[in-house]
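Take a look at the structure set out below.
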Amino acid sequence: MNFEKKDKVLVVAAHPDDDVLGCGGTIAFLRNKGINVRVLFLAEGITARYLKKDFETNEVKKEIEYRNQCALNALKILGVKKDEIFFNNYQCLNLDQISFLNITKTIENHVYDFKPTNIFTHAKYDVNNDHTIVNKATLAATRPFDKIFLKNIYSFEILSSTEWNFSNPFNANCFFDISNTLKKKFLAIKAYKKEFKKSPHPRSIETIKALAVFRGSQSGLKYAESFNLIRSIKKN
2 MNFEKKDKVL
12 VVAAHPDDDV
22 LGCGGTIAFL
32 RNKGINVRVL
42 FLAEGITARY
52 LKKDFETNEV
62 KKEIEYRNQC
72 ALNALKILGV
82 KKDEIFFNNY
92 QCLNLDQISF
102 LNITKTIENH
112 VYDFKPTNIF
122 THAKYDVNND
132 HTIVNKATLA
142 ATRPFDKIFL
152 KNIYSFEILS
162 STEWNFSNPF
172 NANCFFDISN
182 TLKKKFLAIK
192 AYKKEFKKSP
202 HPRSIETIKA
212 LAVFRGSQSG
222 LKYAESFNLI
232 RSIKKN
């Protein structure tokens, strides 16, 4: 995985915090190198915890606003510009109730506007249905016909969802060295004060570090984030 300063990276995530879990260390590295990064969140991460009748209450609205602010704080730590962070706020774990065309068009609009050279998104096999829908919609939105600027599409793993698909485990075939940015990833994770738990929960600092150690050990690195290369187009 090689990046040049002229590259542009689009992260397409289902919910705020998926970006940090999936590729937070990589984002920090890219921004340190001056590479432009845009992050698109398709859904909020709150309403799945409430009854439908409560969705329009002030309590739920405030929780959504708080979660989005956590995302802004986390991405600021990683170096992402505020004007490159976008919230679509579809209902959490209800993307299967939204027109697939609308989701695809939302992503496609950002692809045409931003013209990324690389995209990071969710894995195909994931127990979180929003994640799998975002993966499918991203592939639909990036058909290579007229997107000559797009070189690579990668999927990332999300602790507490990707690793629980025991029939189709994540196929890591690309590894990115985050030895110098893991601390920033931890700081970004801690910006989501309500989302992260104590060990042995998958979303604990200890488990996240353990995954970085494991992926590093697979690739001869101290700490790494792993990805699955979905598609790569090399032009002469």
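Going by my numbering, the letters in the sequence shown line up with residues 2 to 237, in that order. Note that the Cβ used here is the ideal one computed from N, Cα and C, for glycine as well.
Are the beta-carbon atoms belonging to residue i and residue j less than 9 Å from one another?
i: residue 180; j: residue 223; result: yes
i: residue 99; j: residue 13; result: no
i: residue 111; j: residue 123; result: no
i: residue 149; j: residue 18; result: no
i: residue 176; j: residue 211; result: no
i: residue 130; j: residue 85; result: no
i: residue 174; j: residue 228; result: yes
Closest to residue i by CA distance: which of the options is it?
i: residue 128; options: 149, 163 and 105; result: 163
i: residue 214; options: 200, 178 and 201; result: 178
i: residue 26; options: 71, 5, 80 and 59; result: 80
i: residue 42; options: 7, 193 and 135; result: 135
i: residue 109; options: 91, 225, 145 and 95; result: 145
i: residue 232; options: 97, 141 and 152; result: 152
i: residue 141; options: 101, 166, 170 and 61; result: 101
i: residue 73; options: 126, 203, 6 and 188; result: 188
Over the uninterrupted alpha helix (DSSP H) stretch that includes residue i, give me the two end residues.
i: residue 133; result: 130–142
i: residue 183; result: 183–191
i: residue 3; result: Premise fails: residue 3 is in no alpha helix (DSSP H) and is neither H nor E.
i: residue 113; result: 101–115
Going by other Cβ atoms of all chains shown within 10 Å of its Cβ, with 16 needed for buried, is residue i buried or exposed?
i: residue 155; result: buried
i: residue 20; result: buried
i: residue 16; result: buried
i: residue 9; result: buried
Pop quiz: residue i and residue j are said to be a contact at Cβ under 8 Å. What is the actual Cβ separation, rounded to whole angstroms?
i: residue 76; j: residue 160; result: Wrong, their Cβ atoms sit about 19 Å apart, outside the cutoff.
i: residue 104; j: residue 138; result: 4 Å
Where do the ends of the beta strand (DSSP E) carrying residue i lie?
i: residue 215; result: Careful: residue 215 lies outside any beta strand (DSSP E), inside the alpha helix (DSSP H) at 206–220.
i: residue 91; result: 86–91
i: residue 43; result: 37–44
i: residue 176; result: 175–178
i: residue 11; result: 9–14
i: residue 29; result: No beta strand (DSSP E) holds residue 29; the alpha helix (DSSP H) holding it covers 19–33.
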